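Have a look at the structure below, then the notes.
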Amino acid sequence: MVGYSSSMPGWLEAMLGEKFFNPCMIHETSKKNEKNIFCLDCCSSFCPQCLPPHRPHRLLQVRRYVYHDVVRVDDLEKLIDCSSVQSYTTNSAKVVFLNERPPSRPFRGSGNACLSCYRPLQDPYFFCSLSCKVKELLRSEGGLWKELRECEYLPLSCELDEGQLTPDSILESASATSSASSGGGAAAATPVAAGTEAASRRKKRTGRRGGDRAALPEIASRRKKGVPVRAPLF
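Heads up, the sequence shown is in full-length UniProt numbering, so the first residue is 1 and it goes up one at a time.
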């Protein structure tokens, strides 16, 4: 894989180079056949239908956000130190991106940025993804191996279900969460106001529909009954 060398463990190089969420060729006709589970022992990905034979192996579930692969910090921390990689929160769990993403805006030299790709970051993080951290550590001899952790047993953190298999989860950074909660004022009241307005519109529509139904008997009584018959021609 470009940017990496043989000095990294095979499972890590395979995981960072894997294309997740492609359809499983073995279970093409099955539902939930996207390859979103990675086996460290086999260095390959597979879909939930292929899971049973891999149960005794070390496994990682990969999730997705806007077409980018993410992994839960609790799972990845058992394999490598992730404290310097910027994390996000989804479904009450912290996750990190596996691979480098295109910069969201040009970095102008002020503030914090990824040491590898210069993507703007929050403090106190140094990397935007696991891939960026690995690239940087490989530049120093033995740097990567100092960050790795021995893990002989890594089952799936929880059973797979429909919610966890959703390709696109909503991620929210810690700073965005705090700013939204401390914003108060008009910003906090906006959803409530919108909901109240929508409820008011629903009531009005219900009232109109109810009035229309009440007027139906009266309208029907004014209609002419029977088929008009023309007078005979003499």
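Every residue gets a Cβ at the ideal spot worked out from N, C-alpha and C, and that includes glycine. The structure displayed is predicted, hence computed values, not measured ones.
Query raised in the report: Exposed or buried, which one is I37 when buried takes at least 16 other CB atoms within 10 Å?
Result: Start at 1 with the first residue of the sequence shown, and residue 37 comes out as number 37. Label assigned to I37: buried.
Query raised in the report: How would you call S7, buried or exposed, if buried means at least 16 neighbouring beta carbons within 10 angstroms?
Result: Here residue 7 is taken as the residue at index 7 of the sequence shown, counted from 1. By the 10 Å Cβ count, S7 comes out exposed.
Report task. Return helix, strand or coil for V2, following the three-state DSSP convention. Result -> On the sequence shown, position 2 is the one that residue 2 refers to. At V2, the pLDDT of 43 sits below 50, so the modelled position is not reliable; the number obtained from the coordinates is stated separately. Annotated three-state conformation of V2 is coil, per DSSP.
Requested in this report: Report yes if the C-beta distance between V85 and V96 is below 8 Å; otherwise report no.
Outcome: The residue you call residue 85 lines up with position 85 of the sequence shown. The residue you call residue 96 lines up with position 96 of the sequence shown. Taking C-beta atoms as the reference points, V85 and V96 count as a pair closer than 8 Å.
Query - Residues near C43 in its chain [Cβ-Cβ closer than 7 Å; skip 5 each side] - result: Position 43 of the sequence shown, counted from the first residue, corresponds to residue 43. For C43, same chain residues with a beta-carbon under 7 Å away, outside a window of 5 residues either side, are G10, W11, A14 in chain order.
Report task. State the start and end residues of the unbroken beta strand (DSSP E) segment that holds S128. Result -> In the sequence shown, the residue the question calls residue 128 occupies position 128. Just to set this straight, residue 128 is Cys in the shown sequence, not Ser. Where C128 is concerned, there is no enclosing beta strand (DSSP E), because DSSP gives it neither an H nor an E.
Query raised in the report: Beta-carbon separation of L156 and Q61 under 8 Å?
Result: Here residue 156 is taken as the residue at index 156 of the sequence shown, counted from 1. Here residue 61 is taken as the residue at index 61 of the sequence shown, counted from 1. Going by C-beta atoms, L156 is nearer than 8 Å to Q61.
Query - Paired residues, beta bridge with Q61 - DSSP - result: One-based indexing of the sequence shown puts residue 61 at position 61. Q61 is bridged to I37.
Query raised in the report: Quick one: is E152 buried, meaning 16 or more other Cβ sit within 10 Å of its Cβ, or exposed?
Result: Indexing the sequence shown from 1 puts residue 152 at position 152. It is exposed - the Cβ of E152 has fewer than 16 other Cβ atoms within 10 Å.
Report task. Grab me the residues of I80's own chain with a C-beta within less than 7 Å of its C-beta, minus the 5 sequence neighbours each way, in chain order. Result -> By one-based count along the sequence shown, residue 80 stands at place 80. Non-local beta-carbon contacts of I80 in its own chain, meaning distances under 7 Å to residues more than five positions away in sequence, involve E147, L148, R149 in chain order.
Query raised in the report: By a C-beta neighbour count over all protein chains shown, 10 Å radius and 16 as the cutoff for buried, is A193 buried or exposed?
Result: Along the sequence shown, read from residue 1 onward, the residue named residue 193 stands at position 193. Caution is warranted here: a pLDDT of 42 is assigned to A193, below 50, making its placement in the model unreliable, and no coordinate value can be reported.
**Report entry** Extent of the continuous beta strand (DSSP E) run through D69
**Finding:** Residue numbering aside, residue 69 sits at position 69 when the sequence shown is read from its first letter. Segment 68-72, the beta strand (DSSP E) holding D69.
Query raised in the report: Would a C-beta distance cut-off of 8 Å place R47 and C24 closer than the cut-off?
Result: Walking along the sequence shown from the start, residue 47 turns up at place 47. Walking along the sequence shown from the start, residue 24 turns up at place 24. Note that residue 47 is Cys in the sequence shown, not Arg. Pairing C47 with C24 gives a Cβ-Cβ distance under 8 Å.
Report task. Classify S92 as buried or exposed, calling it buried when 16 or more other Cβ atoms lie within 10 Å of its own Cβ. Result -> Residue mapping note: residue 92 aligns to position 92 of the sequence shown, counting from 1. Its Cβ having fewer than 16 others within 10 Å, S92 is exposed.
**Report entry** Beta-carbon proximity check, F21 vs K31, cutoff 8 Å
**Finding:** In the sequence shown, the residue the question calls residue 21 occupies position 21. In the sequence shown, the residue the question calls residue 31 occupies position 31. Against a cut-off of 8 Å, the Cβ pair of K31 and F21 comes out as no contact.
Report task. Kindly indicate the opening and closing residues of the beta strand (DSSP E) around K32. Result -> Within the sequence shown, the letter at position 32 stands for residue 32. Element bounds for K32: n/a, residue is neither H nor E.
Query - Same chain, Cβ closer than 8 Å to V71, five either side skipped, listed in chain order - result: As a position in the sequence shown, residue 71 is number 71, starting the count at 1. In the same chain as V71, and ignoring 5 residues on each side of it, the C-beta atoms closer than 8 Å to its own belong to L60, Q61, V62, R63, V95, V96, L98, L130, in chain order.
Query - Buried versus exposed call for R119 [16 or more other C-beta atoms within 10 Å across all chains shown] - result: Numbered from 1 along the sequence shown, position 119 holds the residue referred to as residue 119. By the 10 Å Cβ count, R119 comes out buried.
Requested in this report: Excluding the 5 residues preceding and the 5 following L76 in the sequence, name in chain order all residues of the same chain whose CB lies nearer than 8 Å to its CB.
Outcome: On the sequence shown, residue 76 is found 76 positions in, with the first residue counted as 1. Correct list, in chain order: L60, C82, V96, L130.
Query raised in the report: For K135, which three-state DSSP category applies?
Result: Along the sequence shown, read from residue 1 onward, the residue named residue 135 stands at position 135. Helix at K135.
Query - beta strand (DSSP E) segment containing K94, residue limits - result: Against the sequence shown, residue 94 aligns to sequence position 94. Residues 93-97.
Query - Which of helix, strand or coil DSSP assigns to P56 - result: Locating residue 56 in the sequence shown gives position 56, where the first residue counts as 1. For P56, the three-state secondary structure derived from DSSP is coil.
Query raised in the report: In its own chain, which residues sit with a C-beta less than 6 Å from the C-beta of L115, not counting the 5 before and 5 after it?
Result: As a working mapping, residue 115 is identified with position 115 in the sequence shown. Apart from sequence neighbours up to five positions away, the residues of its chain that approach L115 with a beta-carbon distance below 6 Å are F126, E136, ordered along the chain.
Requested in this report: Please list, in chain order, all residues of the same chain as W145 whose beta carbon is under 7 Å from its beta carbon, the five residues on each side excluded.
Outcome: Position 145 of the sequence shown, counted from the start, is the residue given in the question as residue 145. Sequence-distant Cβ neighbours of W145 in its own chain, meaning closer than 7 Å and more than five residues away, do not exist here.
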